[in-house]
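As structure tokens, the structure follows; a few thoughts come after it.
In full-length UniProt numbering, the protein residues as written are 1 to 108.
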């Protein structure tokens with residue numbers, strides 16, 4: 001017959017109860033690189049240079065629009081209409097296509 005004692009024996013080694021490990025400490029993030037590269041040149045604040053295919057930022061009321069060919073000017077106006085009045089923009093494009101087909105240079 002086996003008798004179990006409810007008290008702990010002083011001769012047996014004590015085993016500590018299991019405890020979960022502490023949560024991992026967050027690693028410090030390395031500093032993010034600056035938004036502008038150190039060797040980047042500052043933006044030219046003088047007169048904007050317009051290349052043949054660059055028309056971004058040109059408004060119909062700006063002086064730069066005077067040097068833009070009429071066909072391109074109409075396309076810019078139509079692009080502005082596309083967001084606010086899409087139906088009118090479609091009609092303008094159709095009329096422009098018809099006009100260019102009859103009177104314009106096919107390479108334009």
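Cβ atoms here follow ideal geometry from the backbone N, Cα and C, with glycine treated the same way.
Mapping DSSP to helix, strand and coil, what is residue 21? Three-state DSSP puts residue 21 in coil, outside helix and strand.
Exercise. Closest to residue 100 by CA distance: which of 21, 77, 71 is it?
Worked result: Ranking the options by Cα distance to residue 100, first place goes to 71.
- Among residues of its own chain, excluding the 5 on either side of residue 82, which ones have a beta-carbon nearer than 7 Å to its beta-carbon? Counting only Cβ-Cβ distances below 7 Å, and skipping sequence neighbours, we find 89.
Identify the continuous alpha helix (DSSP H) that holds residue 90 and give its terminal residues. Under the DSSP assignment, residue 90 falls in the alpha helix (DSSP H) whose first and last residues are 86 to 103.
Query - Proximity to residue 73 [Cα-Cα], best of 102, 22, 92, 20 - result: That would be 92, whose Cα lies nearest to the Cα of residue 73.
Would you report the Cα separation of residue 23 and residue 14, rounded to the nearest angstrom? Straight through space, the alpha carbons of residue 14 and residue 23 are spaced by roughly 26 Å.
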